[in-house]
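There are 2 protein chains.
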Amino acid sequence: MLEIPTRDRRAERRDAVIAEILDVAWEIARTEGLAGLSLRDLAAKIGMRPPSLYWYFESKRAIYDAMFVQGNQQLLARLSEQEWPDDPRAALRLCARLFVEFSMEDLPRYQLLFLRTIPNFEPSAHAYAVAMQVYEQMRDRFAGAGLVGSAAFDIWTALVSGLSAQQIANDPDGDRWLRLIDEVVDMYVDHITAPSRQRKRT
Amino acid sequence: MLEIPTRDRRAERRDAVIAEILDVAWEIARTEGLAGLSLRDLAAKIGMRPPSLYWYFESKRAIYDAMFVQGNQQLLARLSEQEWPDDPRAALRLCARLFVEFSMEDLPRYQLLFLRTIPNFEPSAHAYAVAMQVYEQMRDRFAGAGLVGSAAFDIWTALVSGLSAQQIANDPDGDRWLRLIDEVVDMYVDHITAPSRQRKRT
DNA sequence: GTCTATATCCAGATAGAC
DNA sequence: GTCTATCTGGATATAGAC
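Top line first, the protein sequences correspond to chains X and P. Just so it is clear: in the first sequence, position 41 is 278 by this note's numbering, and no numbers are missing. Just so it is clear: in the second sequence, position 59 is 296 by this note's numbering, and no numbers are missing.
Right under this line is the structure:
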């Protein structure tokens with residue numbers, strides 16, 4: 238009788254090549270810009286001819302899509318690995334810092350995930366679902382800090398995205414906005430947990 | 238004696254053509270995306286051949302540069318035209334709203350001015366100077382509201398840019414973040430003007 | 001699986017006639 | 001000022017041999 242192998246060596250090899258393609262794609266995006274990624278460069282860097290890439294990805298957009306998934310998975314992993322303090326204020330501080338630092342680490346990743354910088358690129362349904370997982374993890378973290386309310390959460394995302402955007406656009410190698418995180422989170426928590434949240438009249 | 242004309246009709250005509258080129262450039266950017274602007278389309282839409290554009294602009298980048306200046310001048314004008322209330326809180330609310338609404342009005346303008354979405358494009362020294370005028374006007378407005386401190390101003394820019402970014406990215410035709418402006422500004426003013434601004438310890 | 005060869009199309013820019 | 005003609009280079013993608 239023929240033994241049926243439990244490992245599919247061919248599939249493993251294929252996955253390894255795909256992983257290599259994506260690694261190199263990120264590398265090129267970091268030097269040439271996210272939009273500057275070309276299949277020529279990509280193929281050259283892994284010792285292939287451009288058409289061979291089509292064995293692994295059906296189009297260039299499919300490569301961006303896979304990168305989009307990868308980036309979101311990295312953020313998901315970061316959120317999972319983190320040990321979260323019980324104190325809500327501390328947890329939110331950490332959450333904001335994690336997010337801003339993750340954004341700063343890799344500019345093309347930030348652009349691909351959070352800005353819509355590639356013309357005509359929209360994540361596939363599958364890729365979008367992964368992005369939604371990130372959103373939901375964030376919401377859980379938020380709820381875990383004892384906070385509720387969709388408006389409150391929308392303000393939260395605006396704060397974090399604003400800090401990231403200003404830091405990356407105006408001081409990419411420094412900490413001008415990074416170091417304001419704790420103050421901003423405190424401002425936010427004080428506001429959210431204040432006994433009266435009536436708007437002032439003008 | 239020969240009369241010396243006080244108007245240079247030739248220069249006027251040239252300026253008019255330049256204005257038309259820029260108008261059409263914005264129009265194309267709105268339909269094809271900012272990066273999708275091509276000199277072919279541009280020339281076709283104004284009834285010229287592509288090489289003729291070079292009589293007016295020395296390169297495509299120069300066109301982006303002029304658009305960058307134009308966009309900033311529009312924002313400057315908006316800031317100048319606005320009547321500013323004396324009450325600081327009301328003035329800041331208005332300022333934030335003006336900025337977010339300006340951003341929402343025109344996506345490519347927002348991308349060109351505030352995101353770095355065109356690869357290899359950096360504004361020329363002249364264009365950058367105009368952008369700085371906007372920044373300084375904003376600072377003046379801020380100081381006029383009786384507020385001081387560079388950290389406080391950095392927080393302010395983060396709040397406004399975060400509200401804009403979330404609104405445009407996640408609800409471009411709605412008001413999900415727009416309607417949070419007053420609450421966010423109040424939170425901010427309360428924080429800035431609070432007697433004690435010590436950070437909480439965790 | 002990877003290749004060669006090629007299709008198809010696009011871009012920005014320049015030379016030089018008129 | 002605007003044109004024709006052209007340069008030079010880029011891109012993604014496909015057909016089909018091996």
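All C-beta atoms in this analysis are idealised placements derived from N, C-alpha and C, irrespective of residue type, glycine included.
Would residue i be called buried (16 or more neighbouring beta carbons within 10 Å of its own) or exposed?
i      : result
V231/P : Since the first residue of chain P shown is 238 and the last is 439, residue 231/P is not available in this structure.
G308/P : buried
L290/P : buried
I429/P : buried
D391/X : buried
V385/P : exposed
M238/X : exposed
R247/P : exposed
A362/P : exposed
Y372/X : exposed
P432/P : exposed
D423/X : buried
A303/P : buried
W393/P : buried
Whose Cβ in chain P lies nearer than 9 Å to the Cβ of residue i?
i      : result
P360/X : Ordered by position in chain P, no residue passes the 9 Å Cβ test against P360/X, which lies about 13 Å from the chain.
M341/X : Here the premise fails: no neighbours, minimum Cβ distance about 14 Å.
Under 8 Å Cβ-Cβ, which residues of chain P neighbour residue i?
i      : result
D391/X : Q403, R413, W414, L417
So which residues of chain X does residue i contact, with C-beta pairs closer than 8 Å?
i      : result
V421/P : I392, A395
R353/P : A406
G270/P : P356, N357
A388/P : L417, E420
M238/P : Going along chain X, no residue has its Cβ under 8 Å from M238/P, so there is no contact; the nearest lies around 58 Å.
Check whether the Cβ of residue i lies closer than 7 Å to any heavy atom of the ligand NAP, and answer yes or no.
i      : result
P409/X : Inclusion of the ligand NAP in the displayed structure is not the case, the ligand content being empty and no account of it being possible.
Would you mind telling me which residues of chain P sit closer than 7 Å to residue i, beta carbon to beta carbon, in chain order?
i      : result
S398/X : G399, A402, Q403
G273/X : P356
Under 7 Å Cβ-Cβ, which residues of chain X neighbour residue i?
i      : result
H363/P : Under the 7 Å cutoff, chain X gives no residues; its nearest Cβ is about 20 Å from H363/P.
When you compare the CB positions of residue i and residue j, do they come within less than 8 Å of one another, or not?
i      : j      : result
F339/X : R315/X : yes
A368/X : P360/X : yes
R334/X : I418/X : yes
V426/X : L331/X : no
I255/P : K282/P : no
F305/P : A364/P : yes
V261/P : L279/P : yes
Residues of chain X with CB under 9 Å from residue i, in chain order?
i      : result
A281/P : The premise fails here: A281/P is roughly 20 Å from chain X at the closest Cβ pair, so nothing lies under 9 Å.
M369/P : Result: empty, since nearest Cβ-Cβ is about 12 Å, beyond 9 Å.
M375/P : Ordered by position in chain X, no residue passes the 9 Å Cβ test against M375/P, which lies about 13 Å from the chain.
M304/P : What M304/P touches in chain X: nothing, since even the nearest Cβ is about 17 Å away.
M285/P : The premise fails here: M285/P is roughly 25 Å from chain X at the closest Cβ pair, so nothing lies under 9 Å.
4-residue-minimum alpha helix (DSSP H) runs that sit fully inside the stretch 266–352 of chain P, ordered along the chain: 276–282, 297–318, 325–342, 344–351
Whole alpha helix (DSSP H) elements within the stretch 349–413 of chain P, 4-residue minimum: 362–381, 387–407
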